[in-house]
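Here the structure is laid out as structure tokens; the discussion comes afterwards.
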Amino acid sequence: MYLAARRLGVGLLVQPSIDAIEKAAADADVIVIHYWNHPLLLSALGRADLGSTRIVVWSKVLGLHRPQVLTAEIGDFADVLVVTTERSRQSEAATTCGIVHTVPGIADMGRLENWRPVPHDGIHVGYLGLVSPVKMHPRFAEMCARVSDRSVSFVIVGSGGGEQQLHARAVDLGLDGRFACTGYTDDVSSALGTFDIFGYPLSIDTYATSEKALQEAMWVGIPPVVFPHGGLVDLVEDDVTGIVVNDEDGYVAAIDMLVGDRSLRRRLGDEARRMARSRFDPYTLAANWANVIAVALAQPARSRSPLYANKTGAELFVAANGIEAGPFAQSVESGAQRLHADVEIASSSPLVIGGDGGIAHYRNVWPEDPVLDRWVRLVANS
Numbered sequence: 001m002y003l004a005a006r007r008l009g010v011g012l013l014v015q016p017s018i019d020a021i022e023k024a025a026a027d028a029d030v031i032v033i034h035y036w037n038h039p040l041l042l043s044a045l046g047r048a049d050l051g052s053t054r055i056v057v058w059s060k061v062l063g064l065h066r067p068q069v070l071t072a073e074i075g076d077f078a079d080v081l082v083v084t085t086e087r088s089r090q091s092e093a094a095t096t097c098g099i100v101h102t103v104p105g106i107a108d109m110g111r112l113e114n115w116r117p118v119p120h121d122g123i124h125v126g127y128l129g130l131v132s133p134v135k136m137h138p139r140f141a142e143m144c145a146r147v148s149d150r151s152v153s154f155v156i157v158g159s160g161g162g163e164q165q166l167h168a169r170a171v172d173l174g175l176d177g178r179f180a181c182t183g184y185t186d187d188v189s190s191a192l193g194t195f196d197i198f199g200y201p202l203s204i205d206t207y208a209t210s211e212k213a214l215q216e217a218m219w220v221g222i223p224p225v226v227f228p229h230g231g232l233v234d235l236v237e238d239d240v241t242g243i244v245v246n247d248e249d250g251y252v253a254a255i256d257m258l259v260g261d262r263s264l265r266r267r268l269g270d271e272a273r274r275m276a277r278s279r280f281d282p283y284t285l286a287a288n289w290a291n292v293i294a295v296a297l298a299q300p301a302r303s304r305s306p307l308y309a310n311k312t313g314a315e316l317f318v319a320a321n322g323i324e325a326g327p328f329a330q331s332v333e334s335g336a337q338r339l340h341a342d343v344e345i346a347s348s349s350p351l352v353i354g355g356d357g358g359i360a361h362y363r364n365v366w367p368e369d370p371v372l373d374r375w376v377r378l379v380a381n382s
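The sequence shown lines up with residues 1 to 382 when you count with UniProt numbering.
Structure follows, in structure tokens:
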């Protein structure tokens, strides 16, 4: 990306100081913030004086539950809020910001220009993306093992630290030789060429929105099977562009049905391709973004206070989660409520514990923060 930006004449500041951020902001008519709850991003926004300008906050997350929440303060901070799924309009930020646009995330479809099906034996159910319990359905391997046709293979493309554990679980369930974790690849086109079905079951608390991996699979006509979690329900229309399921039994049944019905795979895949090439066309999305910038420029420049200023690491985590902070907000206080809050914190989901914007992520940035350290020890000992 760095080299591509240089070729286009785009200047990049790598790990800029607060002074460098403020200097760049002073020269900007519009600032676009790619937003998710990242401790370093929020630390910078809490310290930098961005001056009198216009700010577009481009949300990269669903924003409805911790640790990735679009708070009321974010909506107040932005002049224009851009969300990547319609579901994000339910967030507090979408309520407090006066101008909200929906523009899906833009995938680089140019890397799929040479896509071709790759000959292979049997049916391949493929997954492309982060391989981690913070992303994937917790019973991913178990659902694969329940698929009836024993000639079906499962191909997991991606990295994220969970590959070894996932593969070991699949082997324990009898999938040895039919379950491959191939690791990260830049050659998405070739990877997708080996898939017949796109099995993409994500965790219930995923903050996924306009998933680029799902866009890419649909772009080349691979029928997806998904749960209605995060923004995926806005991407796949059940029995039209794929299959949307509500539980494990439904997922297994959907895979079984697609495995046994080539005409169904073709019908759903063809419609997925047609929809994707209309809805996710990069030129159309670029035009939408040009309109967003024009709308932002039409707003008067204004000054604003730094976002979540003067906070410790734990206080920043609480602020970033807003009304969803729940037990974490109670835990920074003293008294009996803290004990009850700590019990709830100890049973936090893998996403809240180890995902981006989670408590381990914050503790890594502020290792001396005693509250963050206590939270991490609570979940480690649970």
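Every residue, glycine too, gets a C-beta built ideally from N, C-alpha and C. Predicted, not measured: the structure shown is a model, and the values here were computed from it.
Around the Cβ of V240, a 10 Å sphere holds fewer than 16 other Cβ atoms; the residue is exposed. Less than 8 angstroms separates the beta-carbon of R338 from that of S331. Judged by pairs of C-beta atoms under 8 angstroms, the segment 206-214 does not touch the segment 179-186, as fewer than three such pairs exist. S59 and P138 do not touch by the CB rule: their CB atoms are close to 26 angstroms apart, not below 8 angstroms.
Excluding its 5 nearest sequence neighbours in each direction, Q299 has C-beta neighbours in its own chain below 6 angstroms: R54 and D79, listed in chain order.
In this structure, the CA atom of S91 is about 42 angstroms from the CA atom of D149.
By the 16-neighbour rule on beta-carbons within 10 angstroms, M109 is buried. Sequence-distant Cβ neighbours of D342 in its own chain, meaning closer than 7 angstroms and more than five residues away, are S331 and L378. In terms of CA proximity to E86, Y207 leads the group L372, Y207 and R262. Here P224 is bridged, per DSSP, to F198. In this structure the segment 353-362 lies against the segment 32-45, because at least three pairs of beta carbons, one per stretch, are closer than 8 angstroms.
The criterion of a C-beta distance shorter than 8 angstroms is satisfied by A93 and L81. Scanning its chain for C-beta atoms nearer than 7 angstroms, with the 5 sequence neighbours on each side dropped, one finds around K311 the residues G46 and A319, in chain order. Taking the CA atoms as reference points, K135 sits about 20 angstroms from P223. Going by DSSP, A20 is part of the alpha helix (DSSP H) stretching over I18 to A26. Out of E344, G126 and N321, the CA that lies nearest to the CA of V226 is found in G126.
In summary, P327 is buried, with 16 or more beta-carbon neighbours lying within 10 Å of its beta-carbon over all protein chains present.
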